[in-house]
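Written below as structure tokens is the structure these notes are about.
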Amino acid sequence: MSGLRSTARSALAEVVAKPRAMAAQMTVMAINDFVWVVFWVLFFDRVGTLGGWDRDSIILLQAVLTAAGGLSLGLFANARRIGSMAVDGDLDAVLALPVAPLPFVLLRRVEPVNLGDLAFGVALFLVAGHPTPARAAMFALVVVASATLLTGFLVLTGALAFFIGRSESGELGFHGMLLLGAYPVDLFAGAIRVLLFTVVPAAFVSAVPARLIEDFDASRALALTAAAATFAVAATATFTLGLRRYTSGSIWTRA
131 MSGLRSTARS ALAEVVAKPR AMAAQMTVMA INDFVWVVFW VLFFDRVGTL
181 GGWDRDSIIL LQAVLTAAGG LSLGLFANAR RIGSMAVDGD LDAVLALPVA
231 PLPFVLLRRV EPVNLGDLAF GVALFLVAGH PTPARAAMFA LVVVASATLL
281 TGFLVLTGAL AFFIGRSESG ELGFHGMLLL GAYPVDLFAG AIRVLLFTVV
331 PAAFVSAVPA RLIEDFDASR ALALTAAAAT FAVAATATFT LGLRRYTSGS
381 IWTRA
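Put into structure tokens, the structure is as follows:
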């Protein structure tokens with residue numbers, strides 16, 4: 131455990147050592163997030179409500195999505211790179227260290243640009259999310275659950291590269307999750323809606339947490355917790371199995 135703490139401190143220190151670069155990257159991402167929120171605000175100002183969503187609820191959705199995405203992709207940046215690391219042989223050095231491989235890989239790299247997402251999401255909630263002590267506590271809890279689910283999903287899809295020998299699955303999962311998570315789930319119906327609650331659980335990353343902040347529901351909270359735990363366990367199991375294949379010396383061919 132002390133080794134992992136040292137790893138996390140070292141990764142953060144590398145970023146903080148260049149404060150101007152860190153601030154510039156965070157600012158660029160925050161501006162990008164702000165433009166996207168302005169689009170949604172203008173959209174709902176014109177249409178009023180859509181599928182049970184209004185301006186206030188879409189602001190909560192964007193606050194949760196950016197904060198959770200920033201937490202996952204900022205502090206555990208390698209979650210997005212598991213597939214390429216597996217295919218390119220970048221895990222060799224990790225295996226020689228006396229630490230658990232997956233936590234070490236996740237903590238080893240901090241991405242400052244995504245810390246801008248985290249800062250923006252928190253600021254957006256504080257400014258426009260009608261914060262109260264209860265809502266703030268719920269916001270913190272759902273962001274952690276959402277980030278856990280997102281990290282688990284990225285590790286799971288990335289770890290498929292151990293078995294298929296290609297890293298595209300991780301990138302496809304990343305883009306699919308964030309793209310679909312940016313929209314209210316009630317805008318979708320049929321098979322796509324089922325997909326958003328199962329295979330690509332984008333609904334649990336943004337829409338469900340936003341609804342919990344607005345109106346707490348025990349069954350909805352349980353579903354979010356179960357989804358986060360399921361993907362965390364599945365990601366760990368898939369990575370562990372894949373790592374065994376990786377250390378066995380299997381040779382992959384890539385087109």
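Residue numbers (this note's numbering): 131 to 385. By construction, the Cβ of each residue, glycine as well, lies at the ideal position given by its N, Cα and C atoms.
### Task
Just mark Val135 as buried or exposed, buried being the case when its beta carbon has 16 or more other beta carbons within 10 Å.
For the sequence presented, residue 135 should be read as Arg rather than Val. With fewer than 16 other beta carbons inside 10 angstroms of its own, Arg135 counts as exposed.
### Task
Could you tell me which residues DSSP puts in a beta bridge with Leu180?
Trp183.
### Query
Can you give the beta carbon distance from Phe334 to Leu279, rounded, assuming they're within the 8 angstroms contact cut?
A Cβ-Cβ separation of about 6 angstroms places Phe334 in contact with Leu279 under the 8 angstroms criterion.
#### Entry: Terminal residues of the alpha helix (DSSP H) in which Tyr376 lies
Taken as a continuous stretch (DSSP letters only), the alpha helix (DSSP H) holding Tyr376 covers Ala348 to Thr377.
### Message
Given a cut-off of 8 angstroms on the beta-carbon distance, is the pair Ala216 and Ala291 in contact?
### Response
Taking 8 angstroms as the Cβ cut-off, Ala216 and Ala291 qualify as a contacting pair.
### Task
Taking Pro314 and Gly181 to be in contact with their CB atoms under 8 angstroms, please state how far apart those CB atoms are, rounded to whole angstroms.
Confirmed, Cβ separation roughly 6 angstroms.
### Task
In the DSSP assignment, find the unbroken alpha helix (DSSP H) run with Leu221 in it and report its ends.
Leu221 -> no alpha helix (DSSP H), and no H or E assigned at all.
### Query
By Cβ distance, which residues of its chain are closer than 8 angstroms to Phe293, with the 5 residues on each side in sequence left out?
The residues are Gly372 and Arg375.
### Task
Classify Glu144 as buried or exposed, calling it buried when 16 or more other Cβ atoms lie within 10 Å of its own Cβ.
Label assigned to Glu144: exposed.
#### Entry: Which of helix, strand or coil DSSP assigns to Ala319
Correct three-state label for Ala319: coil.
### Message
Taking the straight line between their C-alpha atoms, what separation do you get for Asn208 and Ala359?
### Response
So the two alpha carbons sit approximately 20 angstroms from each other.
### Query
Within 10 angstroms of its Cβ, does Ile188 collect 16 or more other Cβ (buried), or is it exposed?
The C-beta of Ile188 has 16 or more other C-beta atoms within 10 Å across all chains shown, which makes the residue buried.
#### Entry: Cβ neighbours of Asp316 in the same chain (closer than 7 angstroms, five flanking residues each side left out)
If we look at Asp316 and ignore the five residues flanking it on each side, its Cβ neighbours are Gly181, Gly182 and Trp183.
### Query
Which same chain residues, not among the five before or five after Met159, have their C-beta less than 6 angstroms away from its C-beta?
So the list reads Val243, Gly246 and Asp247, once near-sequence residues are dropped.
### Query
How about Gly204 and Val235: do their beta carbons lie closer than 8 angstroms?
The Cβ-Cβ distance between Gly204 and Val235 does not fall below 8 angstroms.
### Message
Let me check understanding here. Comparing Cα to Cα, which of Thr137, Ile343, Ala147 and Leu286 lies closest to Leu195?
### Response
When the alpha-carbon of Leu195 is set against those of Thr137, Ile343, Ala147 and Leu286, the nearest one is in Ile343.
### Task
Mind checking which residues open and close the alpha helix (DSSP H) that includes His305?
For His305, the enclosing alpha helix (DSSP H) begins and ends at Glu298 to Gly311.
### Task
Assign Thr137 to buried or exposed, taking buried as 16 or more other Cβ atoms, counted over all protein chains shown, within 10 Å of its Cβ.
It is buried - the Cβ of Thr137 has at least 16 other Cβ atoms within 10 Å.
### Task
Enumerate in chain order the residues of its own chain whose CB-to-CB distance from Ile322 is below 6 angstroms, with the five nearest sequence positions on each side excluded.
Excluding positions up to five away in sequence, the list is empty.
### Query
So, does the CB of Gly246 fall closer than 8 angstroms to a CB anywhere in chain C?
Annotation note: the requested chain C is absent from the structure, which comprises a single protein chain.
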